[in-house]
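Let me begin by presenting the structure, written as structure tokens, before commenting on it.
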Amino acid sequence: MKTRPGEPYPLGAIWNGSGVNFALFSENAGRIWLCLYADDGNRETERVEMTERTGPVWHIYLPEVRPGQRYGYRVDGPYEPEKGLRFNPAKLLLDPYARAIDRTLEWDDAMFGYTVGDPREDLQKDERDSGPLVPKSVVVDPAFDWGDDRHPKIPWHKTVIYELHVKGFTVRNPEVPENLRGRYPGLTSPAALDHLKRLGVTTVELMPVHHFVTERSLAARGLANYWGYNTIGFFAPDVRYSSSGTLGEQVREFKAMVKALHSAGIEVLLDVVYNHTAEGNHLGPTLCMRGIDNPNYYRLVADDSRRYMDYTGCGNTLNMRSPYALQLVMDSLRYWIVEMHVDGFRFDLAAALARELHEVDRLSAFFDTIQQDPVLSRVKLIAEPWDVGEGGYQVGNFPPLWSEWNGKYRDSARDYWRGKDQELGEFASRFTGSSDLYEPSNRSPFASINFVTAHDGFTLADLVSYEQKRNEANGQDNRNGNDDNRSWNCGAEGPSNDPEVNRLRERQKRNFLTTLLLSQGVPMLLGGDEIGRTQRGNNNAYCQDNELSYFDWARADRTLLDFTRALIAFRHAHPVFHRRRFFQGRAIHDGEVTDIGWFKFDGTDMSDSDWEVGFAKTIGIFLNGQGIFCPDMEGNRVVDDNFYVLFNAHYDALDFTLPVREWGRRWRKVIDTANPSIDVEGGDIHEAGSRVRLENRSVVVLQKLE
Numbered sequence: 001m002k003t004r005p006g007e008p009y010p011l012g013a014i015w016n017g018s019g020v021n022f023a024l025f026s027e028n029a030g031r032i033w034l035c036l037y038a039d040d041g042n043r044e045t046e047r048v049e050m051t052e053r054t055g056p057v058w059h060i061y062l063p064e065v066r067p068g069q070r071y072g073y074r075v076d077g078p079y080e081p082e083k084g085l086r087f088n089p090a091k092l093l094l095d096p097y098a099r100a101i102d103r104t105l106e107w108d109d110a111m112f113g114y115t116v117g118d119p120r121e122d123l124q125k126d127e128r129d130s131g132p133l134v135p136k137s138v139v140v141d142p143a144f145d146w147g148d149d150r151h152p153k154i155p156w157h158k159t160v161i162y163e164l165h166v167k168g169f170t171v172r173n174p175e176v177p178e179n180l181r182g183r184y185p186g187l188t189s190p191a192a193l194d195h196l197k198r199l200g201v202t203t204v205e206l207m208p209v210h211h212f213v214t215e216r217s218l219a220a221r222g223l224a225n226y227w228g229y230n231t232i233g234f235f236a237p238d239v240r241y242s243s244s245g246t247l248g249e250q251v252r253e254f255k256a257m258v259k260a261l262h263s264a265g266i267e268v269l270l271d272v273v274y275n276h277t278a279e280g281n282h283l284g285p286t287l288c289m290r291g292i293d294n295p296n297y298y299r300l301v302a303d304d305s306r307r308y309m310d311y312t313g314c315g316n317t318l319n320m321r322s323p324y325a326l327q328l329v330m331d332s333l334r335y336w337i338v339e340m341h342v343d344g345f346r347f348d349l350a351a352a353l354a355r356e357l358h359e360v361d362r363l364s365a366f367f368d369t370i371q372q373d374p375v376l377s378r379v380k381l382i383a384e385p386w387d388v389g390e391g392g393y394q395v396g397n398f399p400p401l402w403s404e405w406n407g408k409y410r411d412s413a414r415d416y417w418r419g420k421d422q423e424l425g426e427f428a429s430r431f432t433g434s435s436d437l438y439e440p441s442n443r444s445p446f447a448s449i450n451f452v453t454a455h456d457g458f459t460l461a462d463l464v465s466y467e468q469k470r471n472e473a474n475g476q477d478n479r480n481g482n483d484d485n486r487s488w489n490c491g492a493e494g495p496s497n498d499p500e501v502n503r504l505r506e507r508q509k510r511n512f513l514t515t516l517l518l519s520q521g522v523p524m525l526l527g528g529d530e531i532g533r534t535q536r537g538n539n540n541a542y543c544q545d546n547e548l549s550y551f552d553w554a555r556a557d558r559t560l561l562d563f564t565r566a567l568i569a570f571r572h573a574h575p576v577f578h579r580r581r582f583f584q585g586r587a588i589h590d591g592e593v594t595d596i597g598w599f600k601f602d603g604t605d606m607s608d609s610d611w612e613v614g615f616a617k618t619i620g621i622f623l624n625g626q627g628i629f630c631p632d633m634e635g636n637r638v639v640d641d642n643f644y645v646l647f648n649a650h651y652d653a654l655d656f657t658l659p660v661r662e663w664g665r666r667w668r669k670v671i672d673t674a675n676p677s678i679d680v681e682g683g684d685i686h687e688a689g690s691r692v693r694l695e696n697r698s699v700v701v702l703q704k705l706e
């Protein structure tokens with residue numbers, strides 16, 4: 001085969017219309033071969049040694065290669081695990097920059113760099129060829145007609161996020177064409193788009209779509225990794241969700257999906273897993289980076305380079321102190337924005353990316369690089385602000401560009417509605433945007449991504465139906481998953497035939513949704529909560545690629561769906577529920593009432609001591625939307641109605657007294673979670689000083705008329 005020296009950048013396999021340039025980083029390798037594979041993906045047809053090297057980058061240009069070509073690398077060098085070096089040319093390796101990967105992984109002992117079962121563990125090099133067995137990287141033609149596609153650029157304060165799984169969202173939807181269910185095109189089928197648009201969400205946050213691997217331990221139990229938090233290809237959209245092919249078709253389908261969502265005005269965020277890879281710990285397989293340059297790509301134990309630092313609970317941690325690992329992540333992020341047109345990212349276990357030494361370093365190279373990057377600094381960035389290492393819980397400590405999953409919001413909302421004794425000040429802080437966490441660093445309310453449920457944990461329906469997890473289907477004797485002691489079964493564990501129990505459960509769902517969608521900050525709704533999706537008590541369904549995890553559209557709770565749609569529309573209609581600035585709690589202009597007020601259920605002001613009463617379960621919150629200078633994105637003064645939000649988490653119904661006339665003379669009830677529907681125009685009218693009945697565990701929202 002004809003060859004040319006090629007170029008060291010960009011890394012990966014790049015088709016230029018005439019041939020393909022291959023470039024691979026490895027600082028410590030001795031020799032590297034590029035291997036081409038036949039159409040079946042099992043037979044090696046060419047092996048070309050890469051002799052050109054520019055610094056640590058090896059490169060070659062093949063004028064005869066075309067898009068759709070399968071390929072991999074063999075990398076030679078010392079096999080000295082005790083020194084952190086694990087080169088083994090018998091193992092075919094994926095390109096870390098592969099734009100597509102042709103298949104999922106089927107496990108075999110040959111995929112390990114050492115002899116599995118040898119008493120010396122990983123110290124004995126394995127000589128079996130893994131080439132016929134492992135997935136192959138694929139050369140991709142990047143051409144795509146984007147037309148007039150534009151990023152929707154939804155302002156943060158107007159954003160409503162919907163977390164969903166590409167497969168689970170549509171795989172059981174009879175209104176989606178059968179060949180598209182559970183695939184990228186299924187997400188933008190008319191039925192799927194109609195659901196998203198009518199629901200009112202502005203942004204979908206896709207659970208991992210980077211190509212990932214099912215762990216061998218799961219495969220041995222007949223299970224599969226469903227969530228996808230076990231990445232092996234940071235540039236490759238996962239082949240599982242392709243409906244038309246595996247040799248680059250998945251890339252075109254992903255682009256078409258993004259384009260269609262943008263046309264509907266919906267942003268696309270990716271949940272990305274850069275903190276670790278699917279190669280696991282020192283006894284894991286050699287599939288990619290481990291065999292290319294192990295000490296550059298992974299954090300090794302300082303005094304034992306045979307082993308890996310594990311801040312993720314998944315066996316390894318990417319080495320963000322290495323400029324080459326950092327470059328890999330940055331190149332991947334830019335690729336998904338520039339080439340795939342996504343609108344931002346949610347970073348799984350983001351605290352692990354910030355570790356330069358041992359501690360989580362807010363000023364790490366990772367954050368510095370993003371801060372100065374002209375592409376990455378302009379998209380939505382969300383951190384899961386914790387990892388499993390020491391000092392890993394970092395809620396409130398990320399830099400100003402970032403928003404964060406606010407775990408304290410989740411915990412406080414759950415504690416309040418299950419009736420746990422806690423100071424009302426904690427709940428009030430979370431409801432009003434968590435200024436205690438974000439204002440000291442000059443961040444805004446939208447730094448807080450508020451959520452009650454997420455993929456990791458109970459669904460909303462299960463949160464109010466179970467106190468104990470039901471994870472037996474995972475095959476680990478119910479040992480995995482969190483012991484979620486912030487749930488409440490409303491009087492019966494699991495499904496109930498008691499009408500009163502079920503009424504209270506439905507009300508609690510509405511309480512959580514109302515709290516979430518009327519809180520300052522950015523609400524994130526777990527996909528399926530709006531239709532009552534259940535996992536039958538499984539709060540760690542990461543390995544349940546089956547009907548336990550999928551949306552059950554045939555049993556969708558249409559009443560709850562209508563309530564959620566109306567609630568989201570209500571939020572969008574009233575800027576006072578999504579301010580760009582924190583409340584000040586004082587008069588902003590002469591002669592104007594404070595922007596927020598706090599009341600006991602008898603209509604009197606909350607005193608300092610009232611905030612400290614742990615058993616208090618009621619509060620009234622006045623929100624001033626009139627005359628408060630809270631400018632929009634164009635600097636215009638925003639004027640909204642005034643609202644009075646009443647919370648009763650007590651086990652008894654209570655009569656709340658409305659405040660005196662200076663706060664409002666007449667009020668209309670617009671939301672009452674004791675009822676399954678929202679009526680924003682026909683609700684009861686209440687006068688100042690009168691009493692408003694709140695059923696046990698309910699929320700009422702009143703709109704000021706005069």
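Position 297, counted from 1, in the sequence shown is what the working numbering calls 297; the numbers after and before it change by one each time, with no gaps. The C-beta atom is built at its ideal place from N, Cα and C for all residues, glycine as well.
Less than 9 Å separating the beta-carbons of residue i and residue j?
i: Asn482; j: Lys469; result: yes
i: Arg31; j: Asp76; result: yes
i: Gly537; j: Asn474; result: no
i: Asp141; j: Val258; result: no
i: Thr104; j: Val48; result: no
i: Arg533; j: Asp552; result: yes
i: His341; j: His262; result: yes
i: Gly248; j: Val134; result: no
i: Arg579; j: Ser487; result: no
i: Pro295; j: Phe112; result: no
i: Ala143; j: Ala13; result: no
i: Arg666; j: Ala688; result: yes
Identify the continuous alpha helix (DSSP H) that holds residue i and give its terminal residues.
i: Asp368; result: 365-372
i: Thr170; result: 166-170
i: Phe570; result: 558-573
i: Glu215; result: Careful: Glu215 lies outside any alpha helix (DSSP H) and carries neither H nor E.
i: Asp411; result: 407-417
i: Lys514; result: Strictly speaking, residue 514 in this sequence is Thr, with Lys absent from that position. That run of the alpha helix (DSSP H) goes 499-518.
i: Ser429; result: 424-431
i: Tyr324; result: 323-338
i: Val251; result: 249-263
i: Ile678; result: Taken as a continuous stretch (DSSP letters only), Ile678 belongs to no alpha helix (DSSP H), as it is neither H nor E.
Between which two residues does the beta strand (DSSP E) holding residue i run?
i: Arg307; result: 304-308
i: Asp271; result: 267-272
i: Tyr73; result: 70-76
i: Val692; result: 691-694
i: Ala492; result: Taken as a continuous stretch (DSSP letters only), Ala492 belongs to no beta strand (DSSP E), as it is neither H nor E.
Which residue or residues does DSSP assign as beta-bridge partners of residue i?
i: Val701; result: Val645, Ile671
i: Phe345; result: Leu270, Leu381
i: Met524; result: Ile161
i: His686; result: Trp667
i: Gly12; result: Ala23
If contacts are defined as beta-carbon pairs under 8 Å, then residue i and residue j qualify, I think. What distance do you get, rounded to the angstrom?
i: Cys288; j: Pro96; result: 6 Å
i: Ile596; j: Ile621; result: 7 Å
i: Asp608; j: Ala616; result: No, Asp608 and Ala616 are not in contact; Cβ-Cβ is about 13 Å, not under 8 Å.
i: Gly707; j: Ser549; result: Outside the displayed range of the chain (1 to 706) lies residue 707, so it cannot be described from this structure.
i: Ile266; j: Val204; result: 6 Å
i: Ile101; j: Val213; result: Not really, about 10 Å apart at Cβ, beyond 8 Å.
i: Val692; j: Val645; result: With 8 Å as the limit, Val692 and Val645 do not qualify as a contact, their Cβ atoms being about 12 Å apart.
i: Tyr79; j: Lys125; result: 5 Å
i: Arg299; j: Asn319; result: 5 Å
Give a yes or no on contact between the segment 46-59 and the segment 83-99, applying the rule of three or more CB pairs nearer than 8 Å. When C-beta atoms of the segment 46-59 are compared with those of the segment 83-99, fewer than three pairs fall below 8 Å, so the two segments do not count as touching.
Kindly confirm or deny that the segment 451-469 and the segment 508-525 touch, where touching means at least three C-beta pairs closer than 8 Å. Yes, since at least three Cβ pairs between the segment 451-469 and the segment 508-525 fall closer than 8 Å, the two stretches touch.
Answer yes if the segment 189-201 comes into contact with the segment 219-237, meaning at least three C-beta pairs across the two stretches below 8 Å, and no otherwise. Proximity of the segment 219-237 to the segment 189-201 falls short of the contact definition, fewer than three beta-carbon pairs being nearer than 8 Å.
Would you say the segment 193-211 touches the segment 558-574, given that touching needs at least three Cβ pairs under 8 Å? Touching, yes.
Pair every Cβ in the segment 436-451 with every Cβ in the segment 673-683, then say whether three or more of these pairs are closer than 8 Å. At 8 Å Cβ cutoff, the stretches do not touch.
Three-pair Cβ contact test at 8 Å for the segment 329-347 versus the segment 375-394: Proximity of the segment 329-347 to the segment 375-394 meets the contact definition, three or more beta-carbon pairs being nearer than 8 Å.
With three or more C-beta pairs closer than 8 Å as the rule, is the segment 398-406 touching the segment 313-330? The segment 313-330 is not in contact with the segment 398-406.
The segment 274-281 contacting the segment 342-351, beta-carbon criterion three pairs below 8 Å: Because the criterion of three Cβ pairs below 8 Å is met, the segment 274-281 and the segment 342-351 touch.
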